[in-house]
Amino acid sequence: MERRRRAERLIATLRWPAIALGLAVVGEHLPATGLAAIVGSVVAYNGILTWCVQDRRRFDRYGRPASLVACALDVGMITLISALAGPVGSLAYVLYCFVLVTLGLTTTNLRNLYLAAATVLAANAWATIYTTSHGGNAGHMLIALGERSTVIAFGCLVGVYVAKSCSQDDLLSERGSHLRAILNCGLRLTGFRDVHELARYVLEAVAAETAVSGGQLCLVNEESGELEWEAAYVRPTGSEKARDPTLDSGSAPSEASLRAYANWTISSGKEFLARGENVDGEEATEDDVPVIAMPLVWHSSDIESAPSVLGVLVVWGAAGQDFHADAIDVLRILTAISSAAIVNLRLYTNLQKSFLGTLHTLANGLEARDEYTQGHSERVMRVACRIADRLGVSAEGIEVLRNASLLHDIGKIGVPDAVLRKSGKLTAEEWETMRRHPVVSEEICRPLGLAPEVLFLVKHHHERLDEKGYPSGLAARDQPVLQRILAVADSFDAMRSRRPYRDAVPEDELRAELNRWAGRTMDPTVVDALMRLMDDGELNSIYEEHDRAIGSSHHTAGSAVRRAA
Ligand SMILES: [Fe+2]
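The sequence shown begins at 2 in the numbering used here and counts up by one.
Here is the structure:
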C-alpha cells in the first residue's frame with residue numbers, strides 16, 4: 002500500500018506539468034470557457050488526490066476511489082481537449098499514454114489495465130471522428146485514427162511492462178519481508194519462558210506478515226487433553242489498539258465457529274481453509290469471512306510414531322476478501338517453527354520442574370538430619386504465602402515466593418553439622434561460615450534457570466530493614482516486598498519452632514518480639530499482616546505437626562529474635 006501511495010503521489014505531481022503541456026499545445030484552439038472549465042476541473046480533482054496521498058491513513062481511506070476518479074476524469078479531459086482543439090495539430094491524445102503508463106505504476110491487475118486501454122481507444126475514436134467530421138474526409142479520419150490508436154497501443158504496452166515490473170518488485174520485497182520475519186520469529190521463539198507470551202508473539206508475527214484481521218492460538222492441555230485458548234489478537238482499527246482476548250470485532254467469527262474449526266483441525270490433523278466470498282451489494286455475513294485453521298504438528302524423533310497435534314492457529318480476514326496466495330505458506334512455516342518452540346518450552350519447563358523437585362527433596366533431606374530444623378522451609382513457604390495472600394500479592398508473586406521459600410536455606414548443605422547443631426554460642430569463624438549460606442543457596446539454584454526474582458529472594462532472605470543484614474546489607478529501598486515477607490516468615494518460624502539453643506518462643510513473647518522489631522529490622526506492614534494471621538488462627542495448622550513432634554514447650558527465650566535474624 003505504501004508503494005502505491007508513493008506512486009500516486011508521483012502521478013499527482015506529474016499530472017500538473019502534463020496537463021499544462023497539453024493545454025499549451027492546444028490552448029489556442031479551445032474556447033475560453035472550455036479552457037477555464039478544464040483547468041478548474043483538473044485543479045479540483047488533482048488537488049483532492051494530492052491531499053489524499055500526503056497522509057498514509059488518508060490514502061488508506063480515500064486513495065483508491067480518488068485515484069480511480071482522477072484516472073477516469075483524465076480520460077474525459079483529454080477526450081474533451083482533443084475534440085475541442087480542432088481537427089489538425091492536436092497532440093492532446095498523446096496524454097492518453099500518460100494515463101495508461103501511470104495506471105501501470107499503481108495496479109498489479111492487468112485486466113484493469115486492458116479495460117482502461119479499451120476505454121481510452123473508444124474515447125480517442127470518438128474524439129477523432131468528432132474532429133475529422135468537421136471539414137475532414139474519411140481518408141484523413143482513418144489515418145488520424147490509425148496513428149493515434151498505434152500511439153495509445155504503445156502506451157498500453159509500456160503500462161503493462163511497468164505493471165509487471167512493479168508487481169515483481171512487490172513480490173520480491175514481500176518475500177524478503179516474509180523471510181526476515183520468519184528468521185526473527187525463529188530467533189525470538191527460543192527465548193520465551195511463558196507459553197502465553199510465545200503464543201501472543203506468534204499471532205502478532207502472523208498478523209504483521211499476512212493480511213489477517215485477527216487470530217487465536219490454542220493448545221491441547223497435556224494432562225486433560227482439553228483445548229485451551231492461549232492468546233488472541235484482533236488487528237487494531239484506527240487509533241484502537243490490539244485487544245486481547247475479547248473478540249467482539251464485527252468481522253470475527255463467533256466463538257462457537259472458532260471452536261468448531263479448531264476441533265476439526267485437531268481431530269483430522271489437517272489444515273482448514275474457508276474462502277471469503279461475497280456478492281457485490283449484499284451485506285457480508287459470517288460465512289463470507291475467510292478463515293484458516295492451521296494445526297501445530299510435532300514430529301517426534303521416533304519415525305514410527307505418528308505426529309502429534311499440539312494445538313491450532315486460527316486466523317480470519319476481512320469479509321468478502323480472500324487471503325493473499327503467500328499467506329498460507331507463511332502460516333505453515335510460522336506454525337512449524339512455533340510447534341518446535343512449544344515442544345522445547347514444554348521440555349524445558351518439565352526439566353525445570355524435575356530439578357526443582359529434586360532440590361526440594363534435597364532441602365527436606367537436609368533439614369530432616371536435624372529434628373530442630375525439620376520442615377523449616379516448608380513452614381516458611383506456607384507462612385510467607387499466607388502473608389503475601391493477606392497483602393494482596395499477585396499469583397505470580399506468590400509463586401516466586403513459594404519457590405524461593407522452599408530453596409532459601411539449601412546452601413546450609415555447606416555448613417558443618419557441628420555448627421548447624423551447636424547449642425552454644427557460635428565463634429566468629431563459625432558465624433562467618435553460617436552467614437555464607439544464602440550466597441551458597443543462590444549459587445546452587447542459579448544453573449536451574451529460575452526467575453531472577455527467585456534467585457534474588459534466595460540470596461537476600463537475611464537482609465534487614467535497618468540495612469544490617471547479610472550477605473549484602475541491602476538498603477531498605479532495594480528490598481522488595483517479597484523479600485521483606487520472606488525475611489519475616491523466616492524469622493517467625495525460627496522463633497516459633499524449637500532450636501538446639503532454646504525452646505519455641507511462647508506466643509505472647511513472640512508477639513512482643515515482633516512488635517519490638519517491626520519498623521526496625523522487619524517491615525511493619527508485613528509484621529502487621531502476620532499478626533492478623535495469628536489473631537485469626539490461620540497459622541495453627543502449619544505448626545500442628547511440629548508442635549506434636551517436640552511437645553508443647555513455652556519457655557522464655559531471651560534474645561531469640563536477634564539470634565534468628
Ligand atoms: Fe537462612
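Note that beta-carbon positions come from the ideal geometry of N, C-alpha and C, so glycine has one too.
Using C-beta distances below 6 Å, list every residue in its chain close to Leu-314, excluding the 5 sequence neighbours before and after it, in chain order.
In the sequence shown, residue 314 corresponds to position 313, counting from 1. Shown here for Leu-314: same chain residues with a beta carbon closer than 6 Å to its own, the five before and five after excluded, namely Leu-218, Met-295 and Thr-336 in chain order.
Tell me whether Asp-479 counts as near ligand 1, meaning its Cβ is closer than 7 Å to at least one heavy atom of that ligand.
Residue 479 sits at position 478 when you count from the first residue of the sequence shown. No, since every heavy atom of ligand 1 falls outside the 7 Å radius drawn around the Cβ of Asp-479.
I need the DSSP call for Gly-591, collapsed to helix, strand or coil.
Because the chain is modelled from 2 through 566, residue 591 falls outside the range shown and cannot be assessed.
Extent of the continuous beta strand (DSSP E) to which Glu-231 belongs:
Taking the sequence shown and counting its residues from 1, one reaches residue 231 at position 230. From DSSP, the beta strand (DSSP E) with Glu-231 extends over 228 to 235.
Indicate the three-state DSSP secondary structure (helix, strand or coil) for Pro-296 in the structure shown.
Residue mapping note: residue 296 aligns to position 295 of the sequence shown, counting from 1. Strand at Pro-296.
In this structure, does DSSP put Gly-192 in helix, strand or coil?
Taking the sequence shown and counting its residues from 1, one reaches residue 192 at position 191. Three-state result, Gly-192: coil.
With a Cβ-Cβ cutoff of 8 Å, do Arg-459 and Ala-519 count as a contact?
Numbered from its first residue, the sequence shown carries residue 459 at position 458. Numbered from its first residue, the sequence shown carries residue 519 at position 518. First, the residue type needs correcting, since residue 459 is Val and not Arg in the sequence shown. No.
DSSP beta-bridge partners for Trp-317?
Mapped onto the sequence shown, residue 317 falls at position 316. As DSSP reads the structure, Trp-317 sits in a beta bridge with Gly-215 and Val-292.
Assigned secondary structure, Gly-538 (DSSP; H/G/I helix, E/B strand, else coil):
Working through the sequence shown from its first residue, we reach residue 538 at position 537. In this structure, Gly-538 counts as coil in the three-state DSSP scheme.
Leaving aside the five residues before and after Gly-282 along the sequence, list all residues of the same chain whose C-beta is less than 6 Å from its C-beta, in chain order.
Start at 1 with the first residue of the sequence shown, and residue 282 comes out as number 281. Low confidence applies to Gly-282: its pLDDT is 46, below 50, so where it sits in the model is not reliable, and the reading given next is rough at best. So the list is empty, once near-sequence residues are dropped.
Please confirm if the region 353 to 368 is in contact with the region 407 to 416, defined as three or more CB-CB distances below 8 Å between the two stretches.
Yes, they touch.
Straight-line gap, Arg-16 to Asn-47 (C-alpha atoms, nearest Å)
Position 15 of the sequence shown, counting from 1, holds the residue named residue 16. Position 46 of the sequence shown, counting from 1, holds the residue named residue 47. C-alpha separation (whole angstroms): 8 Å.
Can you tell which of Leu-36, Cys-98, Glu-430 and Asn-138 has the C-alpha that lies nearest to the C-alpha of Thr-120?
Reading the sequence shown from its first residue, position 119 is the one you call residue 120. Selected option, being the one with the closest Cα: Cys-98.
Arg-5 versus Glu-205: straight-line alpha-carbon distance, rounded
Locating residue 5 in the sequence shown gives position 4, counting from the first residue. Locating residue 205 in the sequence shown gives position 204, counting from the first residue. The alpha-carbon atoms of Arg-5 and Glu-205 are separated by roughly 24 Å.
Met-142 to Arg-65, Cα distance in whole Å?
As a first step, residue 142 must be located in the sequence shown, where it is residue number 141. As a first step, residue 65 must be located in the sequence shown, where it is residue number 64. For Met-142 and Arg-65, the distance between alpha carbons rounds to 37 Å.
Kindly indicate which residue of Ser-378, Ser-83 and Gly-105 has the alpha-carbon position closest to the one of Glu-9.
One-based indexing of the sequence shown puts residue 9 at position 8. With distances taken between Cα atoms, Glu-9 lies closest to Gly-105.
Decide if Glu-546 is buried, meaning its Cβ has at least 16 other Cβ atoms within 10 Å, or exposed.
Residue numbering aside, residue 546 sits at position 545 when the sequence shown is read from its first letter. The residue in question, Glu-546, is exposed, as its Cβ has fewer than 16 Cβ neighbours within 10 Å.
Option in Val-163, Leu-220, Asp-289 and Pro-237 with minimal Cα separation from Arg-582:
With the chain running from 2 to 566 in the structure shown, residue 582 is simply not present.
Roughly how many whole angstroms lie between the Cα atoms of Glu-433 and Glu-508?
For this step, residue 433 is matched to residue 432 along the sequence shown. For this step, residue 508 is matched to residue 507 along the sequence shown. Roughly 31 Å between the two C-alpha positions.
Please report the straight-line C-alpha distance between Arg-181 and Arg-333, rounded to a whole angstrom.
Translated into the one-based positions of the sequence shown, residue 181 becomes position 180. Translated into the one-based positions of the sequence shown, residue 333 becomes position 332. Approximately 15 Å between the Cα atoms of the pair.
With a threshold of 8 Å on Cβ separation, who are the neighbours of Ser-178 within its own chain once the five nearest residues in sequence on each side are excluded?
Taking the first residue of the sequence shown as 1, we reach residue 178 at position 177. Counting only residues of its own chain and dropping the five nearest sequence neighbours on each side, Ser-178 has a CB closer than 8 Å to the CB of Glu-210.
Per-residue burial, Val-44 [other beta carbons within 10 Å of its own, 16 or more giving buried]:
Walking along the sequence shown from the start, residue 44 turns up at place 43. Looking at its Cβ environment, which holds fewer than 16 other Cβ atoms inside 10 Å, Val-44 is exposed.
Here's the rule I'm using: 16 or more other beta-carbon atoms within 10 Å means buried, otherwise exposed. How should Asn-125 be labelled?
For the purposes of this step, residue 125 is taken as residue 124 along the sequence shown, with counting starting at 1. In summary, Asn-125 is buried, with 16 or more beta-carbon neighbours lying within 10 Å of its beta-carbon over all protein chains present.
Examine the Cβ distances between the region 529 to 538 and the region 383 to 396 and report whether three or more of them are shorter than 8 Å.
Yes: the two stretches touch, three or more of their Cβ pairs being nearer than 8 Å.
Check the DSSP bridge columns for Met-142 and list the partner residues they point to.
Translated into positions along the sequence shown, residue 142 becomes position 141. Paired residue(s): none; Met-142 is not in a bridge.
Alpha carbon to alpha carbon, how far is Trp-230 from Asp-195?
Locating residue 230 in the sequence shown gives position 229, where the first residue counts as 1. Locating residue 195 in the sequence shown gives position 194, where the first residue counts as 1. Spanning the two alpha carbons is a distance of roughly 14 Å.
Can you pull the DSSP bridge partners for Ser-309?
Locating residue 309 in the sequence shown gives position 308, where the first residue counts as 1. Its beta-bridge partners are Trp-299.
Quick check: what's the CA-CA separation for Thr-103 versus Arg-236?
Looking up residue 103 in the sequence shown gives position 102. Looking up residue 236 in the sequence shown gives position 235. Using only the alpha carbons, I get a separation of about 32 Å.
Taking 7 Å as the line, does the beta carbon of Pro-254 fall inside it for any heavy atom of ligand 1?
By one-based count along the sequence shown, residue 254 stands at place 253. Checking every heavy atom of ligand 1 against the Cβ of Pro-254, none is found closer than 7 Å.
At least 3 beta-carbon pairs within less than 8 Å: the region 32 to 40 vs the region 49 to 62:
With contact defined as three or more Cβ pairs closer than 8 Å, the region 32 to 40 and the region 49 to 62 are not in contact.
For Phe-155, count the other beta carbons within 10 Å of its own beta carbon; 16 or more makes it buried, fewer makes it exposed. Which is it?
The residue given as residue 155 occupies position 154 in the sequence shown. So Phe-155 ends up on the exposed side.
Less than 8 Å between the C-beta atoms of Leu-427 and Val-416, yes or no?
Locating residue 427 in the sequence shown gives position 426, counting from the first residue. Locating residue 416 in the sequence shown gives position 415, counting from the first residue. No. Outside cutoff.
Can you tell me which of the three DSSP states Arg-500 falls into?
Counting from one through the sequence shown, the residue named residue 500 turns up at place 499. Arg-500 falls in the strand class under three-state DSSP.
Going by other Cβ atoms of all chains shown within 10 Å of its Cβ, with 16 needed for buried, is Asp-330 buried or exposed?
Here residue 330 corresponds to residue number 329 of the sequence shown, with the count starting at 1. Counting of Cβ neighbours within 10 angstroms places Asp-330 among the exposed residues, the total staying below 16.
In terms of residues, what are the limits of the alpha helix (DSSP H) holding Ala-369?
As a first step, residue 369 must be located in the sequence shown, where it is residue number 368. Segment 326 to 369, the alpha helix (DSSP H) holding Ala-369.
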